[in-house]
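Asks:
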Amino acid sequence: MKRNLNELVSTILNKINHINHLKQLQSHLTTLGHSQTHFYAFKLFRFCSIKLSNLHYAQQIFNHIHSPNIYLFTAIITAYSSQQNNHSLTFSIFKNMLNSPIRPNNFIYPHVLKSSKERFLIGSVHAQIVKTGFLEYPVVQTSLVDSYSKVLGGLRDAQKVFDEMSERNVVCFTALVSGYLRAGDVECGLKVFDEMVERDVPAWNAVISGCTQNGFFSEGIRLFREMVFVAAAGEGGFCKGNKPNQVTVVCVLSACGHASMLQLGKWIHGYVYRHGLVVDSFVSNALVDMYGKCGNLELARKVFEMDQCKGLTSWNSMINCYALHGNCEGAIAIFEQMVECGSGVRPDEVTFIGLLNACTHGGLVKQGCGYFDMMVKKYGIVPQIEHYGCLIDLLGRAGRFDEAMDVVKGMSMEPDEVVWGSLLNGCKVHGRTDLAEFAAKKLVEIDPHNGGYGIMLANIYGELGKWDEVRNVWCKLKQQKSYKIPGCSWIEVDDKVHQFYSLDQSNPKTEELYSVLESLFGYRSEVMIEM
DNA sequence: TTAGGGTTAG
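Residue numbers for the first sequence follow numbering that gives the first Met the number 0, beginning at 0 and rising by one.
1) Going by beta carbon distance, what residues of the same chain come within less than 6 Å of Thr312, once the five residues before and after it are set aside?
2) Starting from the C-beta of Leu151, find all residues in its chain whose C-beta is less than 8 Å away, skip the five residues before and the five after it, and write them out in chain order.
3) Check whether the Cβ atoms of Leu154 and Ala182 lie closer than 7 Å to each other.
4) Taking 7 Å as the limit between beta carbons, can you name the residues of its chain near Val249, skipping five residues before and five after?
5) Just to check my reading of the structure: Cys358 and Leu393 have Cβ atoms closer than 8 Å, yes? What is that Cβ distance to the nearest angstrom?
6) Can you give me the C-alpha to C-alpha distance between Lys22 and Lys301, rounded to a whole angstrom?
7) Whose C-alpha, out of Met404, Phe351, Gly398, is nearest the C-alpha of Gly379?
8) Any idea if Lys292 is buried or exposed, counting beta-carbon neighbours within 10 angstroms, 16 or more meaning buried?
9) Does the beta-carbon of Leu31 have 16 or more other beta-carbons within 10 angstroms, so that it is buried, or is it exposed?
10) Tell me the rounded alpha-carbon separation between Asn95 and Thr36.
11) Grab me the residues of Asp145's own chain with a C-beta within less than 6 Å of its C-beta, minus the 5 sequence neighbours each way, in chain order.
12) At the level of alpha carbons, what is the spacing between Val229 and Asn241?
13) State the Cα-Cα distance for the pair Val469 and Gly388, rounded to the nearest angstrom.
14) At the level of alpha carbons, what is the spacing between Lys365 and Ser148?
15) Measure the alpha-carbon distance for His86 versus Tyr79 and round it to whole angstroms.
16) Using C-beta distances below 8 Å, list every residue in its chain close to Cys238, excluding the 5 sequence neighbours before and after it, in chain order.
17) I'd like to check one pair, Val200 with Gly188: are the Cβ atoms closer than 7 Å?
18) Phe303 by DSSP, collapsed to three states: which one?
19) Do you know offhand how far Glu385's Cα is from Pro414's?
20) I'd like to check one pair, Tyr370 with Leu354: are the Cβ atoms closer than 7 Å?
21) Report buried or exposed for Pro100, applying the criterion of at least 16 other Cβ atoms within 10 angstroms of its Cβ.
22) Are there 16 or more other CB atoms within 10 angstroms of the CB of Lys546, so buried, or fewer, so exposed?
23) Taking the beta carbon of Ile128 as the centre, do at least 16 other beta carbons fall within 10 Å, making it buried, or is it exposed?
24) Got a sec, what are the start and stop residues for the alpha helix (DSSP H) Ser283 sits in?
25) To which residues of the same chain is Leu180 closer than 8 Å at the C-beta, ignoring the five residues directly before and after it?
26) When we look at the beta-carbon of Glu436 and count the other beta-carbons within 10 Å, is it buried (16 or more) or exposed?
27) What residue range is occupied by the uninterrupted alpha helix (DSSP H) comprising Ile454?
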């Protein structure tokens with residue numbers, strides 16, 4: 000009879016899709032005397048929170064049970080920990096559980112840890128894990144490694160837990176690699192990755208994504224090539240093993256975009272189709288971004304048009320493509336299409352950075368200022384320092400320095416290097432040496448060790464004839480041993496990226512390269528020599 | 001029932 004009822008409840012839950020049906024089922028179960036039966040409460044809770052995404056009513060189901068068991072506590076903690084803004088609630092439920100007769104088990108800890116966003120909180124859960132004897136469970140250990148590595152100052156604790164593990168699998172290795180890369184420690188991340196005996200797709204993705212996010216694009220691409228090589232050479236050929244998936248493709252396309260590697264980007268686009276990968280919104284947006292950054296606006300637009308479910312990032316990526324190409328009309332047209340298409344997508348702070356950049360490149364001062372106002376007044380977006388940077392760039396390039404300075408004075412945060420740099424740039428264009436001196440001084444104040452700023456200030460003093468100041472700046476630069484970071488440019492030829500640094504002469508073909516440049520420019524140029 | 005990997009700006 001009981002078995003029949005269990006089956007019946009499962010069958011009904013498989014068929015219903017509305018909260019009222021769930022309430023009816025709940026009433027029937029109460030009539031049958033099961034209002035406090037943990038098993039059914041658990042079933043109803045899971046259905047309500049997962050299938051109906053109604054955590055509010057799921058909470059009521061939980062509250063209705065006088066003495067919830069470990070399954071119900073795990074279910075409610077799982078539900079809250081998977082949400083963005085309910086971490087403190089997860090924790091308070093866990094505390095309530097500890098105050099009840101119910102003891103934690105190994106299944107509940109990973110969820111509690113997922114909600115622990117402070118180092119001291121993880122430490123207290125860690126102590127609880129030791130106290131209750133669950134530290135030997137690999138999944139619990141991995142959760143500790145992952146959680147510690149995600150909080151400020153937690154990497155050493157993550158490494159310590161990892162070092163004390165008796166058996167380490169690919170998942171805990173990946174958690175640690177991701178931790179180092181997230182913290183920007185690429186060297187340690189790659190070192191741990193090198194130590195991995197087994198590497199699966201998420202492990203490769205973690206290291207490729209980490210390199211890309213830290214600006215190590217060539218390393219990310221090198222690792223992608225290695226992944227493809229290993230997958231192709233593995234048992235069963237390219238059809239089996241750790242083939243790059245959509246996540247890999249998204250990570251490596253981002254690297255291709257930043258490194259302007261169009262040919263590789265195209266090869267990956269082909270790979271997506273050859274291997275039947277679904278072009279979801281992530282893949283589509285990554286392709287749009289890659290084509291845009293590599294200079295092929297036409298293909299970027301083609302991929303964008305093919306996306307049937309354009310989300311905020313899709314629109315933003317396309318706006319940024321146009322902005323990058325200085326095509327302000329295109330950027331504005333996409334923005335207008337975005338707000339008028341009725342899809343309910345609202346612009347965010349990234350949208351306006353793209354739009355303001357586009358207006359700056361097109362010299363559309365009035366429209367740019369209008370978009371800044373629209374962002375604040377219509378969409379309630381608080382301007383970030385990047386928006387101020389764009390606005391000052393826009394005004395500075397147009398020579399509207401009084402307005403630019405009013406914006407600087409009205410900023411709710413301290414102006415940064417981008418803000419003063421934009422103003423300085425405008426001053427140079429319009430010959431406002433007096434204001435340029437002011438901006439350059441600010442830049443030197445912010446970063447006294449940046450030789451580039453010092454040299455700019457010295458040059459401005461030179462233009463003003465302030466030779467004592469010129470001497471002072473150069474003396475300080477020499478004392479500090481501050482040098483300007485050399486300008487760098489790169490080009491992709493035959494699938495290889497060649498980097499060129501200003502004035503460097505270390506390349507064995509230096510003389511030959513300079514001769515070519517000389518024949519091109521008609522004079523001895525000191526442009527770029529490859530490193 | 002529990003653990004690791006994804007795009008856009010600056």
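No residue lacks a Cβ here, since even glycine has one placed at the ideal position from N, Cα and C.
Since the structure is predicted, the reported quantities are computational estimates derived from the model, not experimental observations.
Replies: If we stick to the structure as given:
1) Excluding residues within five positions, the ones whose Cβ falls inside 6 Å are Asn284.
2) Excluding five sequence positions before and after Leu151, the CB atoms of its chain that fall closer than 8 Å to its own CB belong to Arg118, given in chain order.
3) Cβ distance < 7 Å, so Leu154 and Ala182 count as in contact.
4) Once the five neighbours on either side are set aside, the close Cβ partners of Val249 are Phe281, Val282, Ala285.
5) Going by Cβ atoms, the distance from Cys358 to Leu393 rounds to 6 Å, so yes, they are a contact pair.
6) It is roughly 48 Å from the alpha-carbon of Lys22 to the alpha-carbon of Lys301.
7) Nearest option by C-alpha distance: Phe351.
8) Label assigned to Lys292: buried.
9) Its Cβ having fewer than 16 others within 10 Å, Leu31 is exposed.
10) C-alpha of Asn95 to C-alpha of Thr36: approximately 20 Å in a straight line.
11) Around Asp145: Ala174.
12) The alpha-carbon atoms of Val229 and Asn241 are separated by roughly 8 Å.
13) Taking the CA atoms as reference points, Val469 sits about 28 Å from Gly388.
14) Roughly 46 Å between the two C-alpha positions.
15) Taking the CA atoms as reference points, His86 sits about 7 Å from Tyr79.
16) Annotation note: pLDDT 48 at Cys238 (below 50); position unreliable, coordinate value reported separately. The answer is none, since no qualifying residue turns up.
17) Cβ distance not < 7 Å, so Gly188 and Val200 don't count as in contact.
18) Helix.
19) Each residue's alpha carbon lies about 10 Å from the other.
20) Their beta carbons are under 7 Å apart, which means Leu354 touches Tyr370 by this criterion.
21) Exposed, by the Cβ-count rule.
22) The requested residue 546 is not part of the displayed model; the chain covers only 0 to 530.
23) Buried.
24) Start and end: 280 to 292.
25) Around Leu180: Gly188, Ala205, Val206, Ser208, Gly209, Cys210, Gln212, Asn213.
26) Buried, because 16 or more other Cβ atoms sit within 10 Å of the Cβ of Glu436.
27) Unbroken alpha helix (DSSP H) run through Ile454: 450 to 463.
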